[in-house]
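Chemist: If you scroll down you'll find the structure; I have some questions about it.
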Amino acid sequence: MSFRQVDYFIAVAETGSTAAAARLVNVSQPSVSLAVARLEETLGQPLFLRATGQGMALTGFGRQKLAEFRSLRAQTRAILASAGKEAPLPPMLDLGVFSTLGPRYVPTLIDRFRTRVPNARLRLHEADLETLHAWLETGRIDLAIVYDFGLGGDVEMTPLHEARPYALVAGDHPLAGETSVSLARVLEDPLILVNLPQSRNFFLSIIQARGLSARIGMETSSIEMLRSMVASRLGVGLLATELPYRTTYDGGTVAHLQLEDPIPPHRVALAKPARLPGTWVTRVFEEEARRFFKGIAPDATG
């Protein structure tokens, strides 16, 4: 087995085909195909599922090896650099972010991390929770800021912060002057939902558990779109991401109301691959994340 075979395998996994991988690594397609075939022969199991016209999809074994080979490649570069045989590379961190959490927390976290590691290169990967989970398992990202919805698998969760869900109504809504409200009163109006899978399912399950029903007015993948629609009296909203401001993009206003119902909090967590050892770079980011969230109040919805 050679590192060239490993590099070609990683390229195919990232691009989804041997043709695209060949363009990425600047070699011929047969060279890539042969390298992957020999690597599979050495390992004794197929790394990819091959279907005509559908590209190359990783097998379960392939996903496991992808994470291990990425880790091996990073360690090898570090060893060669420390031995003076390769120019030292700046530390790299691939950070995953659940899209609704990103704007609220991540820019500050990046700033704190870069203060500690000024020469670091950081690549941001925004996605839904299931995609981030898959990227962690395959080693595409090193860490992720997520909500802990108990997805399981080979991912370790470090709790950082608890955010209590709250109701969102227009600034001139009859409920806007209240400090707290029951879920039943909120749902008298059409509900606007964030339609990312785990978030949507969480709120709908809470509603069903309380024996209530909701008229779904609209759905959106954007928190800011939801806030603007609420401000325009198109419906009410339910959110967990803590936002300190009340003005929307289009100049409207919203009011945040605590929910009187016993609804469990969302838990913000730092996710990392359970099977792979962390690096000093990931440990620095984790330290800064812990410090940052320690300074945030448990609930900021009032």
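Each residue of the sequence shown is one higher than the one before, starting from 18 at the first, in this note's numbering. Just so you know, even glycine gets a beta-carbon here, dropped at the ideal spot from N, CA and C.
#1: With a threshold of 16 other CB atoms inside 10 Å of the CB of residue 82, please say whether the residue is buried or exposed.
#2: In this structure, what does DSSP give as the bridge partners for residue 74?
#3: Which parts of the stretch 172 to 259 are runs of the beta strand (DSSP E), unbroken and 3 residues or longer, counting only runs that do not cross its ends?
#4: Which one or two residues does DSSP pair with residue 275 in a beta bridge?
#5: Please report the distance separating the alpha-carbon of residue 23 from that of residue 66.
#6: Quick one: Cα of residue 300 to Cα of residue 270, how far?
#7: Which of the three DSSP states is assigned to residue 79 in this structure?
#8: Within 8 Å, do at least three Cβ pairs link the stretch 106 to 126 to the stretch 156 to 168?
#9: Would you check if the distance between the CB atom of residue 256 and the CB atom of residue 233 is smaller than 8 Å?
#10: Measure the C-alpha to C-alpha separation of residue 104 and residue 84 and round it to an integer number of angstroms.
#11: Could you say if the stretch 275 to 285 and the stretch 137 to 146 meet the contact criterion of at least three C-beta pairs nearer than 8 Å?
#12: Is the Cβ-Cβ distance between residue 187 and residue 248 less than 8 Å?
#13: Any beta-carbon of chain D closer than 8 Å to the one on residue 280?
#14: Helix, strand or coil, according to DSSP, for residue 291 in the structure here?
#15: Comparing alpha-carbon positions, which option in 32, 139, 150, 279 lies nearest residue 198?
#16: With DSSP as the reference, identify every bridge partner of residue 127, one or two as the case may be.
#17: Using a threshold of 8 Å, state whether the C-beta atoms of residue 64 and residue 53 are closer than that.
#18: I need the straight-line Cα distance from residue 40 to residue 213, nearest angstrom please.
#19: How would you label residue 311, buried or exposed, when you count the other beta carbons within 10 angstroms and need 16 or more for buried?
#20: How big is the Cα-Cα spacing for residue 224 and residue 217?
#21: Given a cut-off of 8 Å on the beta-carbon distance, is the pair residue 229 and residue 251 in contact?
Modeler: Straight from the coordinates:
#1: buried
#2: Its beta-bridge partners are 66.
#3: Whole beta strand (DSSP E) segments, 3+ residues: 172 to 180, 183 to 187, 208 to 211, 233 to 237, 253 to 256.
#4: 183, 197
#5: C-alpha separation (whole angstroms): 17 Å.
#6: Approximately 40 Å, taken between the alpha carbons.
#7: helix
#8: yes
#9: no
#10: Note that residue 104 has pLDDT 48, beneath the 50 cutoff, so the model's placement of it is unreliable and the number below is only indicative. Roughly 24 Å between the two C-alpha positions.
#11: no
#12: yes
#13: The question asks about chain D, but that chain is absent: this structure has only one protein chain.
#14: Taken through DSSP and simplified to helix, strand or coil, residue 291 comes out as coil.
#15: 279
#16: For residue 127, which the question treats as bridged, DSSP gives no partner whatsoever.
#17: yes
#18: 34 Å
#19: By the beta-carbon neighbour count (other beta carbons within 10 angstroms, threshold 16), residue 311 is exposed.
#20: 11 Å
#21: no
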